[in-house]
Amino acid sequence: CEVALSVALLAVAGLAARSFRHVMTDNWHFSADHVLLAEVSLLTPQYGNAWDPTEPGAATAFPRRNAFMKEALRRLRALPGVTDIGVTTEMPLTGQGNGQFLERPELPVKAELRPMVDQRMVSPGYMTAMQIPVVAGRNFDERDMANPTTAILSEKAAKAGWPDVNPLGHKLVRWGKQFTIIGITADARINDLKQDVPVLYLPISADPQKGVVFVFRSSAPAEVLTPQLRQVLWSIEIGRRRVGKECRSRWS
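One point on numbering: in the numbering used here, the residue at position 104 of the sequence shown is 107, and numbering is uninterrupted.
Written out as structure tokens, the structure is:
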């Protein structure tokens, strides 16, 4: 039995250049050069319908989604020309995000009084692939994927949530669970090139979605990488089921 999978491919640099020709790239705090995106949707019941860790079915579905991402990253990293790769749950530069209130466990206040942040679930390698600088603390690594209890804030999110203290080592709360802040990034315009938004980054293994976006930095041309990427994704077997069946591609 094959698992239906949908893949959409985008070249970030082309998208950004056409839509925002007059925005100075020096202010983006990330680099779109040679970055490609592959949006993947896992469309079968074996990956479940849970949207967050508190929902029924998450305990079964999330390990399968994490297994798919881990194997996909391993194989895609080995493709010729791929220098950096990560995965996230939100497509960059669409103006869409996942707004959440930033909750501090030691400072209980009403939700409407808490700072709002754009939550991004990411893997190790995402910051490197997007070339988002980590300005304090450290980046995510495989320890955080295995035990997702850490968080990274953008500078704007750090100032909003902890205006008078260094937030490194402090805790925040999501889904009733505490996450320790381990790093601070520059305010990258990954949501909208016209403005910075405060961003909360969490390990993607804490809340893997049925739709994920692989972020590649590659020296290989798009027309060379596309068929290789399709072949890799189609060949992955999770729980004796083969990923494949359906694929759609487009390049900007």
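Just so it is clear, CB atoms sit at the ideal spot from N, CA and C, and this is done for glycine as well.
Am I right that R67 and Q49 are in contact with their C-beta atoms under 8 Å? What's the rounded C-beta distance? 6 Å
Quick one: grab the DSSP three-state call for T153. strand
Whole-angstrom distance between T91 and S238, CA atom to CA atom: 21 Å
With DSSP as the reference, label R123 as helix, strand or coil. strand
At the level of alpha carbons, what is the spacing between A149 and V38? 27 Å
Hey, is the segment 118-133 in contact with the segment 206-218, meaning 3+ C-beta pairs nearer than 8 Å? yes
What did DSSP end up calling P206 once you bin it into helix, strand or coil? strand
Using the three-state DSSP reduction, which class does V218 fall into: helix, strand or coil? strand
Whose C-alpha, out of W165, P136, V138, is nearest the C-alpha of M119? W165
Could you say if the segment 221-234 and the segment 99-112 meet the contact criterion of at least three C-beta pairs nearer than 8 Å? no
Quick one: Cα of T152 to Cα of T229, how far? 35 Å
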